[in-house]
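Enquirer: Got a structure here, written out as structure tokens. Questions coming.
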């Protein structure tokens with residue numbers, strides 16, 4: 002039975018509609034194309050991935066979990082769920098590099114460099130941009146585990162946001 006090893010959670014400020022998942026160099030510079038999943042894409046050179054959001058600018062919540070093997074697929078309560086493989090070169094995954102005193106940077110410690118699978122879940126992606134103060138917070142769950150490389154997979158896609166990104 003797969004077991005979660007560690008977890009990190011943070012409120013993340015989104016700018017330019019993306020959450021960058023980065024390694025040691027804290028830069029994810031690659032030409033991105035969300036037509037495969039409408040949710041997440043891995044950097045083809047490794048050590049990075051990008052999640053595309055429904056908001057262009059604003060606060061969201063991101064939770065990242067390291068598992069020892071592929072966790073059970075759970076799509077209930079999520080609008081979109083997709084997986085990609087990444088050849089990670091670092092010992093951590095940073096997902097909130099723009100931390101401040103109120104919202105610190107967040108990192109998920111990894112066992113080390115290697116091939117990993119990322120399963121990203123997203124919800125509240127279609128709730129407006131900019132958001133009203135009483136609107137639901139856009140939220141993402143990233144599950145990470147060691148796994149051989151494989152192509153992108155979309156397990157669920159029901160948001161208008163994902164449909165729009167896939168159509169570009």
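In this note's numbering, the protein residues as written are 2 to 169.
All residues carry an ideal CB built from backbone N, CA and C; glycine is no exception.
Go ahead and pull the three-state DSSP assignment for residue 37.
Expert: The answer is coil: DSSP assigns residue 37 none of H, G, I, E or B.
Enquirer: Between residue 8 and residue 64, how many whole angstroms is the CB-CB distance? I'm expecting something under 8 Å.
Expert: Contact flag correct, Cβ pair sits at about 7 Å.
Enquirer: Locate the beta strand (DSSP E) running through residue 83, then write down its first and last residues.
Expert: That run of the beta strand (DSSP E) goes 81–89.
Enquirer: Where do the ends of the alpha helix (DSSP H) carrying residue 162 lie?
Expert: From DSSP, the alpha helix (DSSP H) with residue 162 extends over 161–168.
Enquirer: In the DSSP output, what is residue 14 paired with across the bridge?
Expert: Answer is 60, bridged to residue 14.
Enquirer: Taking its Cβ as the centre, do 16 or more other Cβ atoms sit within 10 Å of residue 123, making it buried, or is it exposed?
Expert: Burial call: buried.
Enquirer: Compute the Euclidean distance between the alpha carbons of residue 17 and residue 58, then round it to the nearest angstrom.
Expert: For residue 17 and residue 58, the distance between alpha carbons rounds to 6 Å.
Enquirer: Quick check: the stretch 151–169 against the stretch 31–44, are at least 3 beta-carbon pairs closer than 8 Å?
Expert: Yes: the two stretches touch, three or more of their Cβ pairs being nearer than 8 Å.
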